[in-house]
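Here the structure is laid out as structure tokens; the discussion comes afterwards.
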Amino acid sequence: MTFPKNFVWGTAAASYQIEGGATADGKGPSVWDMLCRKEGAVYEGHTGDVACDHYHRYAEDVAILKRFGVQAYRLSVSWPRVLPTGTGTANEAGLAFYDRLVDALLEAGITPWVTLFHWDFPLELYYRGGWLNRDSAEWFADYATLIGRRLGDRVKHWMTLNEPQVYINSGHLEGRHAPGDRLAFHEVTRAGHNTLRAHGRAVQALRAASPGPCRIGYAPASHPKVPASNKPEDIDAARRAFFATTGRHLATMSWWLEPVFKAKYPEDAWAYFGRDVPQVLPGDMELIAQPVDFFGVNIYAGDRIRATAGGGYETVPFPPGHPRTAFNWPIVPEAMYWTTRYCHERYQKPIVVTENGISSTDSVALDGHVHDPTRIDFTQRYLLQLERAIDGGVPIEGYFHWSFIDNFEWAEGYKQRFGLIHCDYATGTRTPKDSAAWYAEVIRTNGAALHK
Ligand code: IFM
Numbered sequence: 023m024t025f026p027k028n029f030v031w032g033t034a035a036a037s038y039q040i041e042g043g044a045t046a047d048g049k050g051p052s053v054w055d056m057l058c059r060k061e062g063a064v065y066e067g068h069t070g071d072v073a074c075d076h077y078h079r080y081a082e083d084v085a086i087l088k089r090f091g092v093q094a095y096r097l098s099v100s101w102p103r104v105l106p107t108g109t110g111t112a113n114e115a116g117l118a119f120y121d122r123l124v125d126a127l128l129e130a131g132i133t134p135w136v137t138l139f140h141w142d143f144p145l146e147l148y149y150r151g152g153w154l155n156r157d158s159a160e161w162f163a164d165y166a167t168l169i170g171r172r173l174g175d176r177v178k179h180w181m182t183l184n185e186p187q188v189y190i191n192s193g194h195l196e197g198r199h200a201p202g203d204r205l206a207f208h209e210v211t212r213a214g215h216n217t218l219r220a221h222g223r224a225v226q227a228l229r230a231a232s233p234g235p236c237r238i239g240y241a242p243a244s245h246p247k248v249p250a251s252n253k254p255e256d257i258d259a260a261r262r263a264f265f266a267t268t269g270r271h272l273a274t275m276s277w278w279l280e281p282v283f284k285a286k287y288p289e290d291a292w293a294y295f296g297r298d299v300p301q302v303l304p305g306d307m308e309l310i311a312q313p314v315d316f317f318g319v320n321i322y323a324g325d326r327i328r329a330t331a332g333g334g335y336e337t338v339p340f341p342p343g344h345p346r347t348a349f350n351w352p353i354v355p356e357a358m359y360w361t362t363r364y365c366h367e368r369y370q371k372p373i374v375v376t377e378n379g380i381s382s383t384d385s386v387a388l389d390g391h392v393h394d395p396t397r398i399d400f401t402q403r404y405l406l407q408l409e410r411a412i413d414g415g416v417p418i419e420g421y422f423h424w425s426f427i428d429n430f431e432w433a434e435g436y437k438q439r440f441g442l443i444h445c446d447y448a449t450g451t452r453t454p455k456d457s458a459a460w461y462a463e464v465i466r467t468n469g470a471a472l473h474k
């Protein structure tokens with residue numbers, strides 16, 4: 023009943039969601055800077071222009087992470103901050119910011135885990151076709167080389183892409199996320215293929231640029247499916263549902279996992295998408311399937327699945343009043359157990375939970391504190407299920423709570439608060455929530471506090 027001795031306890035955030043400094047020191051615009059200016063695209067017209075002003079307040083933020091005993095911090099680099107037009111001449115001031123941040127973390131005894139791409143795609147490259155352009159893989163490789171060379175002496179943990187499901191599907195098919203497009207489906211699969219090629223090229227580039235050994239992973243979203251009962255047929259039904267293709271979209275798991283871990287697209291999707299599948303040139307699948315060291319997975323909500331007569335399965339609706347987050351996502355702690363288990367069974371990679379957390383309607387109370395019992399309860403339940411997976415033999419190396427601090431929740435603006443630390447966006451004041459102290463105790467006891 024214990025987490026392994028070297029288990030990594032972390033928190034996570036991403037550049038556009040917290041940094042602000044949208045035009046500071048030569049930063050170029052990203053597709054999110056563009057989308058935020060489009061009327062109606064983001065809740066109440068919010069933007070990431072200032073966000074938590076982490077660009078200027080990073081030292082204070084690192085001090086807070088240290089105070090709560092956080093062992094590792096997952097950050098992302100803003101591509102247009104370091105390469106304002108996406109390629110070509112680097113912006114020294116932007117690179118210097120990540121130097122300072124990484125140095126401050128190391129100085130505080132916190133291991134930086136760096137994601138290369140968490141959705142802030144350079145606007146200039148979007149005008150050159152974005153992910154639809156086959157050259158995007160080379161643009162991304164050059165960016166990866168730049169960052170690997172600059173930070174690789176100090177950063178040993180990398181992730182290439184965060185949740186391609188979301189920026190490709192919501193950004194290019196549904197138009198809800200940047201760049202806000204509603205493309206034909208064959209174009210969406212092309213964009214997806216190129217971003218997967220970019221992942222492969224980035225793995226190669228990071229390995230080549232890194233001065234010593236490093237660990238490289240990938241952080242897709244998950245759409246957890248949990249069995250409605252412990253009956254073997256329901257467990258198998260949930261497994262099949264988890265890996266299945268169910269619609270003409272790319273918000274699935276297998277489309278993003280099979281190429282990376284098995285060098286092929288899933289057969290069911292390939293057959294179903296028909297003429298809309300991407301053109302795969304010789305060498306593409308080998309490139310996409312560059313060996314990675316860990317499988318990062320982001321876990322939030324989930325569906326309950328049961329087997330039906332005749333070998334099918336169906337989703338079991340939640341009963342009325344089932345607990346939900348402020349985002350209205352159902353709370354399904356078993357998602358942690360089944361997702362990590364199904365992913366490990368199939369791909370046999372060490373797993374890191376690169377995101378997990380809850381949005382709630384937190385505010386500073388009269389007593390000056392932020393009381394967020396639902397976050398504590400949510401995290402405790404999910405972590406107990408993670409421990410159950412570890413006990414069951416799944417090699418899980420770490421857990422990153424999303425998020426370190428309240429931040430810009432994409433199309434939802436600042437409405438959703440996911441942080442362990444409350445941010446007053448008008449003043450920038452940081453107030454640790456009750457959950458931050460609770461999580462500190464979980465970290466300090468290597469998970470034993472979960473049983474109190
Ligand atoms: O805030 C996002 C994050 O950027 C990607 N994963 C899900 C989080 C919560 O929606």
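Under our numbering, the letters of the sequence shown match residues 23 to 474, in that order. Using N, Cα and C, we set each Cβ at its ideal position, and we do this for glycine too.
Asked, Found
"Presumed contact (8 angstroms Cβ cut-off) between G62 and Y38, rounded CB distance", "Contact flag wrong, Cβ pair sits at about 19 angstroms."
"N184 Cβ short of 7 angstroms to the ligand IFM heavy atom set", "yes"
"Nearest to W180 (by Cα), restricted to the options R237, L442, H140", "R237"
"7 angstroms Cβ shell around L127 - same chain, five flanking residues per side excluded", "V84, Y95, P134"
"H423, enclosing beta strand (DSSP E) - first and last residue", "418-424"
"For T133, the first and last residue of its enclosing alpha helix (DSSP H)", "No alpha helix (DSSP H) holds T133; the beta strand (DSSP E) holding it covers 133-139."
"Residue environment, S385, which counts as buried when at least 16 other CB atoms sit within 10 Å", "exposed"
"E356 versus L279: straight-line alpha-carbon distance, rounded", "21 angstroms"
"Validate contact between the stretch 296-308 and the stretch 325-337 using beta carbons, cut 8 angstroms, 3 pairs", "no"
"Check: F440 C-beta below 7 angstroms from any heavy atom of the ligand IFM", "yes"
"Within 8 angstroms, strictly: CB atoms of H194 and A224", "no"
"DSSP beta-bridge partners of C445", "R452"
"Unbroken beta strand (DSSP E) run spanning G32, endpoints", "30-34"
"Cβ-heavy atom distance, W424 to the ligand IFM, below 7 angstroms", "yes"
"Exposure of H215, with buried meaning 16 or more beta-carbon neighbours within 10 Å", "buried"
"Contact under 8 angstroms by Cβ, G420 with F143", "no"
"Contact test: A357 Cβ vs the ligand IFM heavy atom, cutoff 7 angstroms", "no"
"For A56, the nearest candidate out of P102, D121, R79 (CA to CA)", "Sequence inspection shows Met at residue 56; the Ala mentioned does not correspond to that position. For the residues P102, D121, R79, the minimum Cα distance to M56 belongs to P102."
"Those runs of the alpha helix (DSSP H) which lie wholly inside the stretch 379-434 and span at least 4 residues", "395-413"
"Residues near R326 in its chain [Cβ-Cβ closer than 6 angstroms; skip 5 each side]", "V248, A250, V338"
"Rounded straight-line distance, which links the Cα of G269 to that of A459", "42 angstroms"
"Complete beta strand (DSSP E) runs within the stretch 288-361 (minimum length 3 residues, chain order)", "316-320, 325-329, 335-338"
"Span separating the alpha-carbon of K284 from that of Q312", "10 angstroms"
"Integer Cβ distance of G469 from F25, believed to fall under 8 angstroms", "4 angstroms"
"Check whether L97 and A44 have beta carbons under 8 angstroms apart", "no"
"Near the ligand IFM: H140 beta-carbon under 7 angstroms from a heavy atom", "yes"
"Cβ-Cβ separation, P254 to W360 (assumed contact under 8 angstroms), whole Å", "About 14 angstroms separates the two Cβ atoms, so there is no contact after all."
"N320 CB to nearest heavy atom of the ligand IFM below 7 angstroms", "yes"
"Within-8 angstroms CB hit, Q301 to chain D", "Here chain D cannot be found, since the structure has a single protein chain."
"DSSP bridge partner residues for L97 (one or two, in chain order)", "V136"
"N-terminal and C-terminal residue of the alpha helix (DSSP H) that R79 is part of", "76-89"
"Pairwise C-alpha distance: F349 and P395", "16 angstroms"
"Those runs of the beta strand (DSSP E) which lie wholly inside the stretch 157-234 and span at least 3 residues", "179-184"
"E129 in three-state terms, based on DSSP", "helix"
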